[in-house]
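> This structure is in structure tokens; I'll ask about it shortly.
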Amino acid sequence: MPSRRRPDYRLRALASDVNDTVVKVPFLLRVYTKFGGSAYLEAERAYRKSGKNKSDMITFGYRIVDSMKGTSLNRIEGYVSRNIEKGLIPGSREALAKLKDKVTLALITNQIPPIAKPIAEALGIDHVYSSTSVEKDGKLTGSWMPLNKCLAASSFAESLGISLDEIGYLSDETELRGHVGFNFLINAEPHEDKKVDGKTVFSVKDFSELLDVVNTLVPENHN
Numbered sequence: 003m004p005s006r007r008r009p010d011y012r013l014r015a016l017a018s019d020v021n022d023t024v025v026k027v028p029f030l031l032r033v034y035t036k037f038g039g040s041a042y043l044e045a046e047r048a049y050r051k052s053g054k055n056k057s058d059m060i061t062f063g064y065r066i067v068d069s070m071k072g073t074s075l076n077r078i079e080g081y082v083s084r085n086i087e088k089g090l091i092p093g094s095r096e097a098l099a100k101l102k103d104k105v106t107l108a109l110i111t112n113q114i115p116p117i118a119k120p121i122a123e124a125l126g127i128d129h130v131y132s133s134t135s136v137e138k139d140g141k142l143t144g145s146w147m148p149l150n151k152c153l154a155a156s157s158f159a160e161s162l163g164i165s166l167d168e169i170g171y172l173s174d175e176t177e178l179r180g181h182v183g184f185n186f187l188i189n190a191e192p193h194e195d196k197k198v199d200g201k202t203v204f205s206v207k208d209f210s211e212l213l214d215v216v217n218t219l220v221p222e223n224h225n
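What follows is the structure, encoded as structure tokens:
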């Protein structure tokens with residue numbers, strides 16, 4: 003692993019996305035297909051044809067939740083809880099358990115609450131910031147509000163009494179780059195760190211290397 007110069011500030015908290023970061027995308031697609039059926043599959047086909055830009059992704063999110071309208075939140079949450087072991091990225095749970103001794107963990111994701119909550123529980127993550135799905139009588143209505151991840155990161159920092167410069171984000175998305183102090187990419191090519199808006203984006207090959215990098219960034223008196 004190449005040597006990395008320590009920044010002037012230290013990592014005190016780490017938030018993670020879900021998709022292809024701690025959970026395999028095929029697992030999430032199985033959840034959507036089970037509860038969204040043909041309506042979800044139609045939305046997925048349209049998204050693939052669209053070119054997958056940012057606006058198309060948000061539209062896809064609305065259509066995913068709409069395809070599951072009328073479904074009990076308990077059914078979705080129960081299914082994810084029972085099957086999440088198959089969906090976790092190898093090494094993610096073990097790495098996050100070790101990181102929890104060094105930094106405060108959060109999940110910041112556009113997954114809806116009945117999907118995000120059991121994932122966070124399986125990973126031992128206490129702070130969860132997810133998108134908003136409107137419910138009635140314990141069932142999805144099909145209405146959905148995407149999460150503003152920048153606001154979520156700010157709320158996370160405020161709840162801990164730390165600055166955004168002391169928060170890291172584990173994701174392949176760009177929304178928080180330049181907004182928080184540290185960004186981490188796993189399985190990114192090439193494995194080279196870079197600067198975005200003056201903040202370092204660390205590119206690591208796996209969770210083992212992520213642990214090594216975090217160890218160089220946490221305060222010496224983190225305990």
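This note's numbering puts the first residue of the sequence shown at 3, with every later residue one more than the last.
C-beta atoms are modelled at their ideal positions from N, C-alpha and C, and glycine is treated no differently.
Note down, in chain order, each residue of its chain lying with its Cβ closer than 7 angstroms to the Cβ of Lys88, except the 5 sequence neighbours on either side.
Counting only Cβ-Cβ distances below 7 angstroms, and skipping sequence neighbours, we find Phe29.
> Given that a residue counts as buried once 16 or more other Cβ atoms are within 10 Å of its Cβ, and exposed if not, what is Lys71?
Looking at its Cβ environment, which holds 16 or more other Cβ atoms inside 10 Å, Lys71 is buried.
> If I'm right that Ala1 touches Ile169 with Cβ under 8 angstroms, what's the distance once you round it to whole angstroms?
The shown model of the chain, from 3 to 225, leaves out residue 1, and the question about it has no answer.
> Please classify Asn21: does DSSP put it in a helix, a strand, or coil?
The answer is strand: DSSP assigns Asn21 an E or B state.
> Lys185 to Lys201, Cα distance in whole Å?
Here residue 185 is Asn; the residue named in the question, Lys, does not match the sequence. One C-alpha to the other measures close to 8 angstroms.
> Express the C-alpha separation of Leu107 and Arg12 in angstroms, rounding to a whole number.
Rounded to whole angstroms, Arg12 to Leu107 spans 15 angstroms at the Cα level.
> What residue range does the beta strand (DSSP E) around Leu109 cover?
From DSSP, the beta strand (DSSP E) with Leu109 extends over Thr106 to Ile110.
> Can you tell me which of the three DSSP states Thr80 falls into?
Rather than Thr, the amino acid found at residue 80 in this sequence is Gly. Residue state, collapsed to three classes: helix.
> Do Val130 and Arg1 come within 8 angstroms of each other at the CB atom, strictly closer than that value?
Given a span of 3 to 225 for the chain in the structure shown, any question on residue 1 remains unanswerable.
> Can you tell which of Pro221, Ser157, Asn217 and Asp208 has the C-alpha that lies nearest to the C-alpha of Arg95?
Minimum Cα distance to Arg95 is reached at Asp208.
> By Cβ distance below 7 angstroms, which residues in the same chain neighbour Thr73 in space, the five residues on each side in sequence not counted?
Correct list, in chain order: Phe37, Lys141 and Leu142.
> Suppose you measure from the CA of Leu125 to the CA of Lys100; what does that come to, to the nearest Å?
Roughly 11 angstroms separates the two Cα atoms.
> Compare the C-alpha of Glu137 against each of Asn189, Pro116 and Val24 and name the closest.
Considering only alpha carbons, the answer is Pro116.
> Can you tell which of Val67, Thr218, Tyr34 and Cys152 has its C-alpha closest to the C-alpha of Ser135?
Measuring from the Cα of Ser135, the nearest candidate turns out to be Val67.
> What does DSSP give as the partner residues of Gly180 in its beta bridges?
According to DSSP, which records beta bridges pairwise, Gly180 is partnered with nothing at all.
> Can you name, in chain order, every residue of its own chain whose Cβ lies under 6 angstroms from the Cβ of Thr111, other than the five neighbours on each side?
Once the five neighbours on either side are set aside, the close Cβ partners of Thr111 are Asp19, Val20, Ala118 and Ser132.
> Pick from Ser157, Tyr81 and Tyr49: whose alpha carbon is nearest that of Arg32?
Here the closest residue by C-alpha is Tyr81.
> Looking only at its chain, what residues have a beta carbon closer than 8 angstroms to the beta carbon of Ser161, apart from the 5 residues adjacent to it on each side?
Excluding sequence neighbours, Ser161 sits near His129.
> On the DSSP bridge list, what partners appear for Ala15?
The partner list for Ala15 (beta bridge, DSSP) reads Thr106 and Ile169.
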